[in-house]
Amino acid sequence: MRAEALAAGFAAMGVCRPDAIPDAAPRLRAFLDAGRHGQMGWMADRAAWRGNPAALWPEARSVIMLAETYTPDDDPLGAVTRRDRATISVYARGRDYHDLVKKRLKRVGRWLLDRCEGAEIKVFVDTAPVMEKPLGQAAGIGWQGKHTNLLSRDLGNWFFLGAIFTTVDLEPDAAEGEHCGSCTACLDICPTDAFPAPFQLDATRCISYLTIEHRGPVDPALRKGLGNRIYGCDDCLAVCPWNKFAKAATETRYAARDGLVSPPLEDLAGLDDAAFRDRFSGSPIKRIGRDRFVRNVCYAIGNSGEKRLETAVSGLLTDPDAAVADAAAWALEQLA
Ligand code: B12
Ligand code: SF4
Ligand code: SF4
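Under the working numbering, the first residue of the sequence shown is numbered 1, with each subsequent residue one higher.
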């Protein structure tokens with residue numbers, strides 16, 4: 001199966017039992033009780049399944065975890081210094097990974113079903129109530145670093161995760177240990193101080209949450225920290241020293257589309273619904289809709305220090321979306 005997973009394009013595979021992550025449920029509970037999920041109510045809704053994969057599908061005997069690399073060609077930190085241009089996080093510059101990873105998971109799943117009569121599988125990537133990172137660690141793919149993402153000594157941290165739950169009893173792999181040591185590079189670089197402690201994230205302060213998940217106006221105290229990041233953030237990933245072992249992405253469709261590496265902010269502020277949908281079809285960015293996207297662009301213009309960009313936001317002061325109008329007013333105040 002490992003050979004099949006690699007042939008399908010995955011960079012690593014590991015197996016664990018569904019009950020292999022006993023620490024996950026209490027840690028998830030603490031995260032939710034502290035309100036660190038913000039508006040992501042879906043995290044709390046199915047917390048009992050999320051924290052306990054054995055309860056999600058009681059017939060499952062094994063969880064197969066797979067990693068797919070999307071390593072960038074450039075240093076993503078270069079883009080954050082170009083203040084009149086936008087920074088879009090690496091994972092969102094090409095095709096949406098959800099469909100591509102799911103297709104590969106199904107290919108590996110089919111291989112298993114062809115060999116085990118009567119077996120069943122369910123495949124998950126990102127959106128199901130499954131805690132993929134602790135499962136990935138239990139399956140030996142890597143460890144959850146101080147930035148809370150899964151990383152490995154062979155791949156660094158530029159990889160997506162996917163899971164195949166199955167009724168087949170497979171030999172589990174050994175869990176991976178932690179190899180961060182005394183390094184604190186990811187904690188130190190975070191522009192919005194989103195780590196209350198190593199290995200813990202307050203999502204409500206994370207730029208990825210603020211630009212992708214958060215509806216309505218962003219807390220004014222956090223807007224400066226967004227800089228020119230308009231969709232997601234890669235700073236804590238980009239500084240990880242283990243990335244020197246990162247492998248190139250095998251999926252060419254993750255490569256950045258034209259116009260998504262450092263696009264000029266003024267080109268993005270004027271997008272209406274139709275132009276937004278057209279520009280981001282097939283991209284994960286489409287999910288957030290024109291209003292949240294343009295709201296983020298206004299914050300970036302406010303942070304640009306470029307007075308000439310006033311004209312790009314002044315027309316948005318009367319935007320029908322209240323958060324866009326508020327962000328435009330904030331941007332003009334910053335540039336005044
Ligand atoms: C919700 C979510 C988010 C939220 C919250 C992130 C978070 N860290 O919880 C937001 C929107 C902020 C987010 C951002 C990003 N995300 Co996200 N996200 C998820 C999602 C859907 C669930 C994660 C979750 O369960 N969080 C709840 C918390 C409680 O769980 P946790 O992070 O595992 O927390 C652990 C630690 O806190 C630890 N812990 C707590 N206390 C202590 C104490 C000690 C001593 C120790 C050792 C550990 C420890 O235990 C917890 C349980 O394991 C997963 C997909 C999935 N279904 O799993 C993708 C996922 C984690 N995201 C992913 C990615 C790529 C990103 C971004 C890089 C995207 C971007 N460029 O903007 C950023 C990274 C930000 C960051 N530093 O984490 C990938 C990560 C792949 C990987 N290699 O790890 C995933 C797995 C999606 C996928 N299928 O590939 N994401
Ligand atoms: S993704 Fe950005 S904002 Fe979020 S924790 Fe990492 S460095 Fe901080
Ligand atoms: S930057 Fe350092 S502390 Fe953070 S995950 Fe990488 S090795 Fe661990």
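Beta carbons are placed, not taken as given, at the ideal position from N, Cα and C, and that holds for glycine.
Just so we're clear, the structure is a prediction, and the values are computed from it rather than from any experiment.
Contact set for residue i: own chain, Cβ-Cβ below 7 Å, skip 5 residues either direction
i, result
"residue 75", "238"
"residue 255", "94"
"residue 109", "121, 123 and 164"
"residue 10", "66, 67, 68 and 104"
"residue 167", "59, 60, 61, 119 and 120"
"residue 277", "286"
"residue 317", "325, 328 and 329"
"residue 39", "213, 214 and 215"
Exposed unless 16 or more other CB atoms sit within 10 angstroms - verdict on residue i
i, result
"residue 179", "exposed"
"residue 165", "buried"
"residue 272", "exposed"
"residue 48", "exposed"
"residue 252", "exposed"
"residue 292", "buried"
"residue 195", "buried"
"residue 300", "buried"
"residue 133", "buried"
"residue 5", "buried"
"residue 258", "exposed"
"residue 202", "buried"
"residue 72", "buried"
Cα-Cα separation between residue i and residue j, rounded to whole angstroms
i, j, result
"residue 144", "residue 138", "10 Å"
"residue 274", "residue 169", "49 Å"
"residue 325", "residue 335", "16 Å"
"residue 296", "residue 106", "35 Å"
"residue 247", "residue 310", "42 Å"
"residue 191", "residue 249", "27 Å"
"residue 113", "residue 161", "21 Å"
"residue 140", "residue 12", "9 Å"
"residue 228", "residue 219", "16 Å"
"residue 147", "residue 181", "13 Å"
"residue 102", "residue 177", "27 Å"
"residue 294", "residue 315", "12 Å"
"residue 267", "residue 279", "11 Å"
"residue 55", "residue 46", "11 Å"
"residue 83", "residue 57", "48 Å"
"residue 37", "residue 210", "11 Å"
Supposed close pair residue i, residue j - CB separation, criterion 8 Å
i, j, result
"residue 198", "residue 85", "Contact doesn't hold; Cβ gap of about 32 Å is too wide."
"residue 44", "residue 32", "5 Å"
"residue 298", "residue 269", "7 Å"
"residue 15", "residue 173", "5 Å"
"residue 226", "residue 303", "7 Å"
"residue 96", "residue 282", "6 Å"
Same chain, Cβ closer than 8 Å to residue i, five either side skipped, listed in chain order
i, result
"residue 261", "74, 79, 88 and 93"
"residue 131", "21, 24, 28, 50, 51 and 53"
"residue 308", "none"
"residue 175", "16, 20, 137, 138, 139 and 140"
"residue 2", "13"
"residue 171", "15"
is_contact[residue i, chain D] using C-beta, thresh 8 Å
i, result
"residue 261", "Within the model displayed, chain D is absent; a lone protein chain is all it includes."
Own chain partners of residue i with C-beta closer than 6 Å, once the 5 adjacent residues on each side are dropped
i, result
"residue 185", "239"
"residue 208", "232 and 233"
"residue 64", "15 and 164"
Closer than 5 Å: residues whose CB approaches a heavy atom of ligand 3
145, 146, 147, 180, 183, 185, 186 and 240
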